[in-house]
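Chemist: First to last, the sequence lines map onto chains F and X.
Everything in the first sequence is counted per our numbering, starting at 1 for the first residue and increasing by one.
Everything in the second sequence is counted per our numbering, starting at 338 for the first residue and increasing by one.
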Amino acid sequence: MAKSEKLLDVRGLKTYFDTDEGTVKAVDGVSFHIDKGETLAVVGESGSGKSVTSLSIMRLIPTPPGRIAGGEMLFNGQDLVKKSEREMRQIRGNDISMIFQEPMTSLNPVYTVGDQIAEAIVLHQGKTQKQAMKMATEMLELVGIPEPAKRVKNYPHQMSGGMRQRVMIAMALSCGPQLLIADEPTTALDVTIQAQILELMKKLQNEIGMSILFITHDLGVVAEIADRVVVMYAGRAVEEGDVVPIFTKPKMPYTMGLLNSVPRVDKAAVHQERLEAIPGNVPNPLYLPEGCAFHPRCKFAIEQCKAAIPDLVDSGNGHMVRCIRWDEIQKEQAVVA
Amino acid sequence: MSSMSRADNRNPNATKPLLEVKNLQKYFPIRGGVFSRVVGNVKAVEDVSFTVKPGEVVGLVGESGSGKTTAGRSILRLIEPTGGEVLFEGVDVTKLSKNQMREYRKEMQIIFQDPFASLNPRMTVGDIIGEALTIHRLAKGREKEAKVADLLERTGLSAAHMRRYPHEFSGGQRQRIGIARALAVDPKFIVADEPVSALDVSIQAQVVNLLQDLKEEFGLTLLFIAHDLAVVEYISDKVIVMYLGRIMEIAPAKELYANPIHPYTEALLSAVPIPDPTLKRERIILQGDIPSPINPPSGCVFRTRCPIAVKECADVVPPLEEVSPGHFKACIRRP
Ligand SMILES: Nc1ncnc2c1ncn2[C@@H]1O[C@H](COP(=O)(O)OP(=O)(O)OP(=O)(O)O)[C@@H](O)[C@H]1O
Ligand SMILES: Nc1ncnc2c1ncn2[C@@H]1O[C@H](COP(=O)(O)OP(=O)(O)O)[C@@H](O)[C@H]1O
Ligand code: SF4
Ligand code: SF4
Ligand SMILES: [Mg+2]
Ligand SMILES: [Mg+2]
C-alpha cells in the first residue's frame, strides 16, 4: 500500500435513492481525499449531493430507499463501505463524528446538555458517570461557553442557537475524533455568531489536529476555513483543488459563475450595477441533462458537451476540472483580460 | 400599464417622503399565572423612526431578533403597533379604521421570505396573482387574465404558467410568483422580508436583478429586510441597522459600507465572510449573543457586547444624531 497522509480517500462513490418516480442518483461517482489535519470544504447548491456524501461516509443513509451503489471510502486504509453496522458504530463514536445545520433537532430536548455529552463519554470511553460529567464541563469550557459549570445543567431550549451549536461541537469532539464532518454548521446562525463558531473550529483544529470535512453553500465561508475545496453540481464533483487557485483561477464554468453571482461587501465602492446571475435552475435530479449536467446553463456550452459526461481531469498541480473545454476557456479568458 | 406613470417617483428632487415612521413601538405581552395576567413584555420594537422617499429602496439589517420583521409588519398593520405613527403620504395609517385601511392595503404590499409556505398550494398561479385584483375590484375576466399574463412575463416567467400550481415551480420561480402577486395591484410601497434568503446563490442573484429591474420599471419603493449585508448593499439606496428594537445607524448604502460609524455596524460588516482566501482581514468578533428583548440593557442596548463601551453607556439611550447629510448614528463615543 502506498504510504500517504490520506486520512480519508473516497473513490467513485455512488449513492442512489430508489423512489416511486425513479432512481435519484444523488451522488454519482464522487472522488476526493482528506489529508490528516486539513480542512476540506465541499461546496454546492441545494440538492447537489453534499449531505448525501457526508451521510454516506457515516454510513447513515436510510436504506431503503437509499443505497451505496458503488465506490469505496478508505478511512485509514480501510473501506468503510465494507464495515458491518457494529463496526461502524464503533467508528462513529470514536474516529468520525458529525455536526449538523440545526443543532436543536440533533439534541434531545428532555436531557440536560451535560447529560447528553456525558452519555457519549460513558458509552465510548468507559468512564464513570462522575468522571464523564466533569469532562462534559471541561468540554463546554473548551468550546467557549461562559460559566460552564452552570450551563452543563441547562436544557437545550434554554440556550441560544449559537450556544447549542457549541454544545454540538463539544459533543462531537468529546471522543477525540480523527475526522469531524460538519454539514452546514453555521447556515442557521447570524453572521456574528457564525464568525464565533468558525473561529472556534479553527482554534480547536489547531489544538487537536483533527481533519475537517466542512460542507457549505457559502463561498465566503469556504474562503475562510478551507485548505482545499470540492465543488459539487448535480451529484458530481466538478472542480477540486487548493483553496487559493479555486478562487483566483477557477476553471470550471459553474465555479466561475458561482463566484460571479455572489455579492461582496468589500466591493461596495466599486460594484457593478448588476450581479452576474447564472441563468436557469438547478436541474431536477430525476431528469439530469445529458452529458455535462451544467450545459443548459453554461455560456461556454457547445454541441459536444451534450455527448458524454466529461471526465474529471488534472489541469495541473492537482487542480481537477470536469469540463471538456477548460483549456480553451482559460485561453479565451486570458485574451479578454 | 398604469404603474408606468409612477416612473416620475424616481425624481431625486421628490423629497417629500412617501412613508414616515415615527417612534414606532411594538410590544408582545407575556401572560402568566392562573389569571393569565400580563407579567412582562417582549419589546420587539422599542423606538424606530425613519423615512422612505418615493422610488427609494431602503435596506433593513440586523441580527436575528433585532425586530426587523416586527417593524415591517407593524408598518403594514399586519400586526397592530403598540405606539408611534406611520405616515403614508401624510396620513397616519395606525389611526385608520378597518374600513378606511382597506384603501391603503392596496398601496402597501408584502413579499415573504419562504416561497414554499407563502403560496396557497391549491390555487393556480393565475388565481394567486389575480386574487388581489378581484378583492380590490381592479380587474376581472379577460382584462384580469391579460394583467396576470403581463405580470408573469415581467417577472421572468411565462403566461403559460398561469394554469399551473406552485409545487410545479422551483424556489426561485416561486419567489417570482410572490413578487408578481405583490405587484398585481400597483402598490406604492412594498415590504420585502428576506425575499432571497431561502434561495440558492445562483438563483438569489437572478431575483436580486429582477427586483432591481422592476425598481427601474415600476419606480418601486421598497423596504428590503435581510440578513445578508452584501445583498442589501447591492439593492438599497439607504440602509438602516437595527439592534434590539432600536436603530443604531442609518446611511446612504455606499457610505454605510465604506464608512460605518457605529461599532455594531462595524462588527456586522466585519463578520461577513468574503469569498477571497487571499484577503487578510482584522476581524471584530462580537462576544456572546443578542440579549433578551424582555429585559434589554439600560442606556445603549448594544453596550453588553460593544468592544468600546464605557460606564456612561449604561446611563442614557444615545439619541440618533445626524453626522453628515443622511448619515445618522446612535453612539456617544463615536463623533
Ligand atoms: N408574536 C410574537 N410574540 C412574542 N414575541 C415575538 C412575536 N413576534 C416576534 N417576537 C419577538 O420579537 C423579537 C423581534 O422579532 P422579529 O421577528 O421582528 O426579529 P427579526 O429581526 O425579524 O429576526 P430574524 O432575523 O430572525 O427574522 C424577537 O425576540 C422575537 O422572538
Ligand atoms: N431519503 C431520500 N430519498 C430520496 N431522495 C433523497 C433522499 N435524501 C436525499 N435525496 C436526494 O438526493 C439529492 C442530494 O441531496 P443532498 O445531499 O441532501 O443535497 P445537498 O447538497 O443540498 O446537501 C437531492 O436530489 C435529494 O432530493
Ligand atoms: S463541458 Fe461544456 S457545458 Fe460543461 S462546463 Fe464545460 S463548456 Fe460548459
Ligand atoms: S453608546 Fe457606548 S455601548 Fe453604545 S455603541 Fe457607543 S460606545 Fe458602544
Ligand atoms: Mg444538505
Ligand atoms: Mg425576520
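Ideal Cβ positions, reconstructed from N, Cα and C, are used throughout, including at glycine.
Quick one: is residue 199 of chain F near chain X, going by C-beta distance under 8 Å?
Modeler: yes
Chemist: What are the complete beta strand (DSSP E) segments, minimum 3 residues, inside the stretch 171–229 of chain F?
Modeler: With a minimum length of 3 residues, the continuous beta strand (DSSP E) runs that stay inside the stretch 171–229 of chain F are 179–183 and 211–216.
Chemist: Consider the Cβ of residue 509 of chain X: report whether some Cβ of chain F lies at a distance smaller than 8 Å.
Modeler: yes
Chemist: Can you find a CB in chain X that lies within less than 8 Å of the CB of residue 345 of chain F?
Modeler: Any question about residue 345 of chain F goes unanswered here, given that chain F covers just 1 to 337.
Chemist: What is the rounded straight-line gap between the Cα of residue 114 of chain F and the Cα of residue 149 of chain F?
Modeler: 9 Å
Chemist: Alpha carbons only, please: which of X:392, X:513, X:638 and X:606 is nearest the one belonging to residue 453 of chain X?
Modeler: X:513
Chemist: For ligand 5, is there a heavy atom less than 7 Å away from the beta-carbon of residue 537 of chain X?
Modeler: no
Chemist: Ligand 1 and residue 352 of chain X: does the residue's C-beta get closer than 7 Å to at least one heavy atom of that ligand?
Modeler: Every heavy atom of ligand 1 is 7 Å or more from the Cβ of residue 352 of chain X, so no.
Chemist: Which parts of the stretch 475–535 of chain X are runs of the beta strand (DSSP E), unbroken and 3 residues or longer, counting only runs that do not cross its ends?
Modeler: 526–530
Chemist: Closer than 7 Å by C-beta to residue 307 of chain F: which residues in its own chain qualify, once you throw out the five before and the five after it? Chain order, please.
Modeler: 291
Chemist: Closest Cβ-Cβ distance between residue 236 of chain F and chain X: below 8 Å?
Modeler: Taking Cβ atoms only, chain X never reaches closer than 8 Å to residue 236 of chain F, which makes this a no.
Chemist: For chain F, check one thing: does any of its Cβ atoms lie closer than 8 Å to the Cβ of residue 394 of chain X?
Modeler: Not one chain F Cβ lies under 8 Å of residue 394 of chain X.
Chemist: Out of F:228, F:213, F:288 and F:275, point me to the one whose CA is closest to residue 236 of chain F's CA.
Modeler: F:288
Chemist: Which residues, taken in chain order from the stretch 520–547 of chain X, show a beta carbon closer than 8 Å to some beta carbon of chain F?
Modeler: 537, 538, 539, 540, 541, 542, 543, 545 and 546
Chemist: At what residues does the alpha helix (DSSP H) containing residue 589 of chain X begin and finish?
Modeler: Not the alpha helix (DSSP H): residue 589 of chain X falls in the beta strand (DSSP E), residues 583–589.
Chemist: Of all the CB atoms in chain F, is at least one closer than 8 Å to the CB of residue 697 of chain X?
Modeler: The first residue shown for chain X is 338 and the last is 672, placing residue 697 of chain X beyond what the model contains.
Chemist: Measuring straight from C-alpha to C-alpha, what distance separates residue 510 of chain X and residue 355 of chain X?
Modeler: Straight through space, the alpha carbons of residue 355 of chain X and residue 510 of chain X are spaced by roughly 30 Å.
Chemist: Measuring only from the beta carbon, is residue 325 of chain F closer than 7 Å to any heavy atom that is part of ligand 3?
Modeler: yes
Chemist: My assumption, with CB atoms under 8 Å, is that residue 12 of chain F sits in contact with residue 26 of chain F. Please give the rounded CB distance.
Modeler: Residue 12 of chain F to residue 26 of chain F, Cβ: 15 Å. No contact.
Chemist: Short of 8 Å in beta carbon distance, which residues of its chain neighbour residue 350 of chain X, apart from the five on each side in sequence? Order them along the chain.
Modeler: Note on residue 350 of chain X: pLDDT 49, under 50, position unreliable in the model; the coordinate value appears next. Result list for residue 350 of chain X: empty, nothing under 8 Å.
Chemist: Measuring straight from C-alpha to C-alpha, what distance separates residue 574 of chain X and residue 388 of chain X?
Modeler: 12 Å
Chemist: Residues of chain X with a CB under 7 Å from the CB of residue 196 of chain F: which are they?
Modeler: 622
Chemist: Which residues have their C-beta within less than 7 Å of a heavy atom of ligand 5, listed in chain order?
Modeler: Counting every residue whose Cβ lies closer than 7 Å to a heavy atom of ligand 5, we get F:46, F:50, F:51, F:183, F:184 and F:215.
Chemist: Comparing alpha-carbon positions, which option in X:552, X:572 and X:420 lies nearest residue 531 of chain X?
Modeler: The shortest Cα separation from residue 531 of chain X among X:552, X:572 and X:420 belongs to X:572.
Chemist: Can you list the alpha helix (DSSP H) stretches of 4 or more residues lying completely in the stretch 533–584 of chain X, in chain order?
Modeler: Complete alpha helix (DSSP H) runs here, min 4: 538–555 and 566–572.
Chemist: Taking the beta strand (DSSP E) that residue 398 of chain X belongs to, which residues open and close that run?
Modeler: 394–398
Chemist: With distance defined between alpha-carbon atoms, name the residue in X:624, X:625, X:644 and X:648 nearest to residue 635 of chain X.
Modeler: X:648
Chemist: Please state whether DSSP places residue 262 of chain F in a helix, a strand or coil.
Modeler: coil
Chemist: Quick one: using the 10 Å Cβ neighbour count with 16 as the cut-off for buried, is residue 546 of chain X buried or exposed?
Modeler: buried
Chemist: Any beta carbon of chain X sitting closer than 8 Å to that of residue 285 of chain F?
Modeler: no
Chemist: Which whole-angstrom value describes the C-beta separation of residue 538 of chain X and residue 45 of chain F, a residue pair presumed to lie in contact below a C-beta threshold of 8 Å?
Modeler: 7 Å
Chemist: What first and last residue would you give for the beta strand (DSSP E) that runs through residue 300 of chain F?
Modeler: From DSSP, residue 300 of chain F is part of no beta strand (DSSP E); its letter is neither H nor E.
Chemist: What residues in the stretch 39–72 of chain F have a beta carbon less than 8 Å from any beta carbon of chain X?
Modeler: Along the stretch 39–72 of chain F, going in chain order, the ones with a CB nearer than 8 Å to a CB of chain X are 45 and 46.
Chemist: Just to confirm my understanding: we take residue 585 of chain X, look at its own chain, exclude 5 residues before and 5 after, and list those with CB closer than 6 Å. What are they?
Modeler: 578, 599, 601 and 667
Chemist: Within the same chain, show all residues whose beta-carbon is closer than 7 Å to that of residue 301 of chain F, passing over the 5 residues directly before and after it, in chain order.
Modeler: 295
Chemist: Report the option in F:123, F:119, F:126 and F:124 whose CA atom is closest to the CA atom of residue 137 of chain F.
Modeler: It is F:119 whose Cα lies nearest to the Cα of residue 137 of chain F.
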